Amino acid sequence: MFGSLTKKWNRKHLTDERFTFLFEEDSGGEVVVFDCETTGLDPKKDGIVSIGAVRIKENRILTDEAMHIYVKQEKQISHESITIHQIRHCDLENAVPIEEAIEEFLYFIGGRTLAGYYLEFDVAMINKYIKPMYGITLPNKQEEVSAIYYDKKISTIPQGNIDLGFETIIEDLALPKLQAHDALNDAVMTAMIYLKLKHTKSLRRT
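Reading the sequence shown from the start, the letters are residues 1 to 206 in full-length UniProt numbering.
Below you can see the structure in the form of structure tokens.
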């Protein structure tokens, strides 16, 4: 009930009727897995450098319909950030303004459920922009893959000392590893984790 009231309150504050579809829950059972590469880890002061997203439909990752967009930067990207995602300011010459990137992202996700690793952070980064732009925060249902992994794993490790690192999860599930800290690659790997966990009753002890 609380969630329903929050969604209604959120919908009431939508300032652009083009995006009413965000509040219409997807009936096709699709899930969107997304990831953001950013200039840092503080949503209040850092910005989005790139967004990668893929849809999952009927247990298939639709990589041929993926979204991968780079965002123009008003400030120089710090050396610390570049060492993580390897995106330099000069690599963003053909990037788009953040407003255009956010709009494209919203049309891509629609009312679908969102999934991700460290999803709370990525959602906070998106909300940072859509709140002043459209008066709302993302109303979509959300699923955190590390939480799903924990629930599947806890029965094999009663003491609860579970490593929730991204690489650890990838290795434990015997999934292929793509180049990390690339928004689209991270989204694809997270989608593989999501599907593997959805079709696994319990995980083996490691």
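Ideal Cβ positions, reconstructed from N, Cα and C, are used throughout, including at glycine.
Source: prediction; values computed, not measured.
Helix, strand or coil for residue i? Go by DSSP, reduced to three states.
{"i": "I56", "result": "strand"}
{"i": "A115", "result": "strand"}
{"i": "D172", "result": "helix"}
{"i": "I102", "result": "helix"}
{"i": "I109", "result": "helix"}
{"i": "E24", "result": "coil"}
{"i": "I162", "result": "coil"}
{"i": "I157", "result": "coil"}
{"i": "I61", "result": "strand"}
In the DSSP output, what is residue i paired with across the bridge?
{"i": "M67", "result": "A53"}
{"i": "I48", "result": "T38"}
Could you give the first and the last residue of the continuous alpha helix (DSSP H) run that contains residue i?
{"i": "T190", "result": "A183 to K198"}
{"i": "E80", "result": "H79 to H85"}
{"i": "D16", "result": "Neither: D16 is in no alpha helix (DSSP H) and is coded neither H nor E."}
Would you mind stating whether residue i and residue j have Cβ atoms separated by less than 8 Å?
{"i": "P176", "j": "A124", "result": "no"}
{"i": "K128", "j": "T200", "result": "no"}
{"i": "G135", "j": "T20", "result": "no"}
{"i": "T190", "j": "V145", "result": "yes"}
{"i": "A66", "j": "V32", "result": "no"}
{"i": "R11", "j": "E30", "result": "no"}
Since residue i and residue j are thought to touch, with beta carbons under 8 Å apart, how far apart are those beta carbons, to the nearest angstrom?
{"i": "L22", "j": "G165", "result": "That belief does not hold up - the Cβ atoms of L22 and G165 are roughly 32 Å apart, past 8 Å."}
{"i": "I126", "j": "F108", "result": "Contact flag wrong, Cβ pair sits at about 12 Å."}
{"i": "D172", "j": "A180", "result": "Contact flag wrong, Cβ pair sits at about 16 Å."}
{"i": "I193", "j": "I169", "result": "6 Å"}
Considering just the uninterrupted stretch of the beta strand (DSSP E) at residue i, what are its terminal residues?
{"i": "E143", "result": "Q142 to E144"}
Beta-carbon of residue i versus every beta-carbon of chain C: anything under 8 Å?
{"i": "G110", "result": "Of the protein chains in the structure, only one exists, and it is not chain C."}
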